[in-house]
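Undergrad: In the numbering used here, the protein residues as written are 52 to 227.
Using N, Cα and C, we set each Cβ at its ideal position, and we do this for glycine too.
One structure, pasted below without further comment.
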Amino acid sequence: MNPSPSPHLILGGARSGKSTYAEALVRTFSPPYRYVATAEILDEEMARRVAEHQSRRGDSWRTVECPLALSETLVQLDAEPAPVLVDCLTLWYSNLLLRSGENRARVSVTALCDALSSMRSPVLLVSNEVGCGIVPENALARSYRDLAGWANQQVAKACRAVTYVIAGIPIALKPR
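This is the structure in structure tokens:
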């Protein structure tokens, strides 16, 4: 596998294999590897998911927890260029929406896209495709789905490569 173009967005549904695929792409670069985690551990289920991801990655990864200030964190990490995996954008969108509202969330997504354009480090970003299901019945869920759909479009435009992973199979959407 050749090193991935950067930035690179990896999309897919829940448990589609997108994180595993993204980790394999990051490993095409030389270490050290940085993992920017947007999740906050708020319950036992999330704690198990985080532990699963950490054990799969191993000791060659440095984890940076970043529930909100993603563009700023990426710029700081880029001071010492090394491969970066952001997992996952949809949790970040949720964090932004719940804490700052939709307008501030959109500003943060635009700032992320601006930061991606100047990164020297290889950056891979994982995000869920949430728009393939039914229309949610409550306003917050609809707002989240709409924000995630818009944000994924913006990040995809800012990336040199976009891959969709379904059933563990990567499908290139934007040329690698």
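Is threonine 114 helix, strand or coil when you go by DSSP?
TA: In the structure shown, threonine 114 sits in a strand (DSSP, three-state: E or B).
Undergrad: Who are the Cβ neighbours of arginine 113 in its own chain at under 8 Å, not counting the five residues just before and after it?
TA: The residues are Pro83, Tyr84, Arg85, Tyr86.
Undergrad: Between which two residues does the beta strand (DSSP E) harbouring threonine 214 extend?
TA: Counting along the chain, the beta strand (DSSP E) containing threonine 214 begins and ends at 212–217.
Undergrad: Give the straight-line distance between the Cα atoms of leucine 125 and arginine 171, rounded to the nearest whole angstrom.
TA: The straight-line gap from Cα to Cα measures roughly 10 Å.
Undergrad: Assuming serine 67 and alanine 218 are in contact, meaning their beta carbons sit under 8 Å apart, how far apart are those beta carbons, in whole angstroms?
TA: Contact flag correct, Cβ pair sits at about 7 Å.
Undergrad: Buried or exposed: where does cysteine 117 fall if 16 or more other Cβ atoms within 10 Å of its Cβ makes it buried?
TA: Buried, by the Cβ-count rule.
Undergrad: So for aspartate 138, helix, strand or coil by DSSP?
TA: It is a strand residue.
Undergrad: For the structure I just gave you, are there three or more beta carbon pairs, one from the segment 89–99 and one from the segment 56–73, closer than 8 Å?
TA: Short answer: they don't touch.
Undergrad: Any chance the segment 101–115 sits against the segment 144–162, with 3 or more Cβ pairs inside 8 Å?
TA: With a cut-off of 8 Å, the segment 144–162 and the segment 101–115 do not count as touching, because too few Cβ pairs lie within range.
Undergrad: Less than 7 Å between the beta carbons of asparagine 179 and threonine 141, yes or no?
TA: Going by C-beta atoms, asparagine 179 is nearer than 7 Å to threonine 141.
Undergrad: Going by beta-carbon coordinates alone, are valine 101 and leucine 175 separated by less than 7 Å?
TA: Result no, Cβ atoms of valine 101 and leucine 175 do not sit closer than 7 Å.
Undergrad: Three or more beta-carbon pairs under 8 Å between the segment 185–204 and the segment 147–164, yes or no?
TA: Yes, they touch.
Undergrad: Give the secondary structure of leucine 60 by DSSP, where H, G and I count as helix, E and B as strand, and everything else as coil.
TA: Reduced to three states, the DSSP call for leucine 60 is strand.
Undergrad: Lysine 208 bridges to which residues according to DSSP?
TA: BP columns for lysine 208 are empty, so no partner.
Undergrad: Can you tell me where the beta strand (DSSP E) with serine 178 in it begins and where it stops?
TA: 174–179 is the extent of the beta strand (DSSP E) around serine 178.
Undergrad: Do phenylalanine 80 and proline 173 have their beta-carbon atoms positioned less than 7 Å apart in this structure?
TA: Yes; because the gap between Cβ atoms is below 7 Å, this pair is in contact.
Undergrad: Round the Cβ separation of alanine 166 and serine 122 to the nearest angstrom and send it over; I've been treating them as touching at under 8 Å.
TA: Correct: roughly 4 Å between the Cβ atoms.
Undergrad: Tell me whether the beta-carbon of leucine 128 lies closer than 7 Å to the beta-carbon of valine 135.
TA: Contact flag set, yes.
Undergrad: Would you decide whether valine 158 is buried or exposed? Buried here means 16 or more other CB atoms lie within 10 Å of its CB.
TA: It counts as exposed.
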